[in-house]
Amino acid sequence: MLNMATILETNARLYPDKPAIIQGNHVYTFRELNNLANRVAQGLQKAGVCSGDKVALSCLTNAYFVMSYYGIMKTGGVVVSLNPLLKHEEIARNLADAEACLYMCHDGAGQLPMLTEGYAAFHRTSSCRHFCLIADAGELPAFSEEVFFFQDWLEVNDGCFETVQNAADAPCNIIFTSGTTGRAKGAELTHANYAVTCLSYSDVMGYTSDDIILVAAPLFSVLGQTMLMGAGFYAGATLVLQPRFDPERVLDAMERYNVTVFSGVPTMFYALLHHPGLHKHNLVKIRKHWRTGIVGGAPVPPDLVDEVESVFGVRLQKGYGLSETTAVVATTRRGRPYARESVGVPMWGAEIRIVDESMNDKAPGEAGEIIVRGPMIMRGYYGRPEANVEAFRGGWFHTGDVGMLDADGNLHILDRIKDMIIRAGFNVYPCQVEAVLMRHPDIELAAVVGVPDEKLGEEIHACVVLREGASLTAAEVLAWGRENLAAFAYPRQVSFLPRLPMGPTNKILKSELRKLTTTAATPA
């Protein structure tokens, strides 16, 4: 039997008065946090939530998310993690697909449009019987029917609750994929999935109870829940929570709280490195305490890791994984050398193969689809049998990513299969082109997409963001690509943008870029 929420009970016993969460001027000890999560569980139980019931949670990264997340698990319920920035149509689809019986919705720290979107979605979903408002005291809109108030649960209940134990393979979370290839699918993850990832990742990263982990990644994502919150709490570490990523606030928190761990996607680190106010901060102090972190969620140019080490004195670890694999399945190892272009070796229990379309293994150094299996792989897409048939073949989960294994067993990520560009019969991997473009001293960010071409099938289009004060022409960008890339791989078109469209996890939205490239393009 297993329930991942017992991690709070363990820490409340081992480190009762140690800070578990720091959020602005609020500090919650492990004893307080466990008691508050118990109060949420009591409220849910009184609302009729039983073991196995799905409870949707839409909340910014804050202490309320953590209380709710573990409170749901304590009842034996299944968390349905929702992006709080979704519009009501998508929220309603997710609620219906997950068969959620209760919806806990944050007011967005006073941003009522976020609440109204959630309430509208609730009304459109007949299977969702109850609505719980997560909000601080303040002016709230009128509700047409009975609504549970989160603050009432915290004030009325006493915190005496016995956590419901589940089978290890029972679901504990449903996380929806980004839906970039169609309707979002809910990855059903188990308590065992989370236990394996959190414990093994905490060990790999060397987390201890002395660590201060800054969390600016969204907690509705699997990265935030496992590699930061879950793995951190397993070691008894303290989390510093920020509702959204902002480079100035991150640097301020690192300096103020002596942060030892910070992780994120590549665009977050670029934003830190090129933040105009970077050198106003005490970089000596930041360098002294920041000891480790991981960069992943998108292809990582090796130059980015080098630049972070040069400025901040920390050697970032790289990792690879998906929501369907409970975050990480491969990572570099802290304190051990790794192939510069790789994302390291498989995590404990993970098996990784590179195969062709017939599932024949590719030789070392040859590209193919990455397929994986192991105790961190999801049960499946909830309620989507046709998607499961496609994703699970021959006992392996097919990631849809292109990669290769080198002779030493290091995994190299080349790109998403759907993002690969086929130009005149040649496979072009955008992340490799992007890495070359971003070596140019005047280019801050670059993203490459394929655009339809009658003769070649697809043409290569680069979307470029220049560094502040830089001046660069399209011809110069294209010349840089021509000088540093193979003849079939350099861009022939370029667009200059003030910023690249980002999703809620700070990943570049290439689907949006493909729409933009139909207008402003400068050909070679």
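For the sequence shown, numbering that gives the first Met the number 0 begins at 0 and goes up steadily by one.
Just so it is clear, CB atoms sit at the ideal spot from N, CA and C, and this is done for glycine as well.
C-beta atoms of residue i and residue j nearer than 7 angstroms
{"i": "V264", "j": "A230", "result": "no"}
{"i": "M377", "j": "L508", "result": "no"}
{"i": "G318", "j": "G292", "result": "no"}
{"i": "V214", "j": "L238", "result": "yes"}
{"i": "C430", "j": "D452", "result": "no"}
{"i": "Y27", "j": "A4", "result": "no"}
{"i": "M103", "j": "L32", "result": "no"}
{"i": "V328", "j": "L315", "result": "no"}
{"i": "V464", "j": "L496", "result": "yes"}
{"i": "N93", "j": "F219", "result": "no"}
{"i": "G348", "j": "T330", "result": "no"}
{"i": "I212", "j": "V249", "result": "no"}
{"i": "V427", "j": "A488", "result": "yes"}
Cα-Cα separation, residue i to residue j
{"i": "I369", "j": "G276", "result": "40 angstroms"}
{"i": "P363", "j": "D210", "result": "38 angstroms"}
{"i": "M375", "j": "K417", "result": "24 angstroms"}
{"i": "H105", "j": "Q492", "result": "43 angstroms"}
{"i": "A461", "j": "L198", "result": "40 angstroms"}
{"i": "P345", "j": "F268", "result": "24 angstroms"}
{"i": "A446", "j": "T516", "result": "11 angstroms"}
{"i": "E350", "j": "G373", "result": "6 angstroms"}
{"i": "R332", "j": "I412", "result": "17 angstroms"}
{"i": "E145", "j": "D245", "result": "37 angstroms"}
{"i": "P490", "j": "G480", "result": "7 angstroms"}
{"i": "T124", "j": "R438", "result": "49 angstroms"}
{"i": "D302", "j": "V39", "result": "45 angstroms"}
{"i": "L132", "j": "N24", "result": "23 angstroms"}
{"i": "M403", "j": "G367", "result": "6 angstroms"}
{"i": "N165", "j": "C49", "result": "12 angstroms"}
{"i": "A390", "j": "I173", "result": "17 angstroms"}
{"i": "K454", "j": "I71", "result": "55 angstroms"}
{"i": "S262", "j": "W289", "result": "11 angstroms"}
{"i": "L272", "j": "H280", "result": "12 angstroms"}
{"i": "M419", "j": "F425", "result": "10 angstroms"}
{"i": "Y68", "j": "D360", "result": "40 angstroms"}
{"i": "T266", "j": "N156", "result": "42 angstroms"}
{"i": "K45", "j": "H278", "result": "52 angstroms"}
{"i": "R335", "j": "S126", "result": "51 angstroms"}
{"i": "Y256", "j": "E457", "result": "49 angstroms"}
{"i": "R466", "j": "F147", "result": "48 angstroms"}
{"i": "Y381", "j": "K184", "result": "7 angstroms"}
{"i": "E98", "j": "A469", "result": "51 angstroms"}
{"i": "E365", "j": "D202", "result": "31 angstroms"}
Status (buried if at least 16 other CB within 10 Å, exposed otherwise) for residue i
{"i": "K506", "result": "buried"}
{"i": "D168", "result": "exposed"}
{"i": "Y130", "result": "Here residue 130 turns out to be Phe, not Tyr, going by the sequence shown. So F130 counts as buried."}
{"i": "G394", "result": "exposed"}
{"i": "T398", "result": "buried"}
{"i": "F149", "result": "buried"}
{"i": "A191", "result": "buried"}
{"i": "G117", "result": "buried"}
{"i": "F396", "result": "buried"}
{"i": "A216", "result": "buried"}
{"i": "I421", "result": "exposed"}
{"i": "M226", "result": "buried"}
{"i": "G51", "result": "exposed"}
{"i": "C58", "result": "buried"}
{"i": "L7", "result": "buried"}
Rounded distance between the beta-carbons of residue j and residue i, thought under 8 angstroms
{"i": "T74", "j": "V163", "result": "6 angstroms"}
{"i": "N483", "j": "V435", "result": "5 angstroms"}
{"i": "S341", "j": "A186", "result": "Not a contact, Cβ separation roughly 25 angstroms."}
{"i": "V448", "j": "L499", "result": "So it is not a contact: roughly 11 angstroms between Cβ atoms."}
{"i": "P170", "j": "V77", "result": "5 angstroms"}
{"i": "L35", "j": "M66", "result": "5 angstroms"}
{"i": "I459", "j": "V432", "result": "7 angstroms"}
{"i": "A120", "j": "A91", "result": "4 angstroms"}
{"i": "V313", "j": "V307", "result": "7 angstroms"}
{"i": "Q241", "j": "T60", "result": "6 angstroms"}
{"i": "L85", "j": "R128", "result": "Between R128 and L85 the Cβ distance is about 21 angstroms, and since that is not below 8 angstroms, they are no contact."}
{"i": "L222", "j": "A326", "result": "5 angstroms"}
{"i": "W152", "j": "Q22", "result": "In fact, because the Cβ distance is near 19 angstroms, the residues do not count as touching under 8 angstroms."}
{"i": "Y193", "j": "A236", "result": "Not a contact, Cβ separation roughly 17 angstroms."}
Identified DSSP bridge partners for residue i
{"i": "W395", "result": "R392"}
{"i": "G235", "result": "BP columns for G235 are empty, so no partner."}
{"i": "R415", "result": "D400"}
{"i": "K53", "result": "V77"}
{"i": "D305", "result": "Paired residue(s): none; D305 is not in a bridge."}
{"i": "E187", "result": "I173, G379"}
{"i": "F268", "result": "Per DSSP, none; premise fails for F268."}
{"i": "G263", "result": "V294"}
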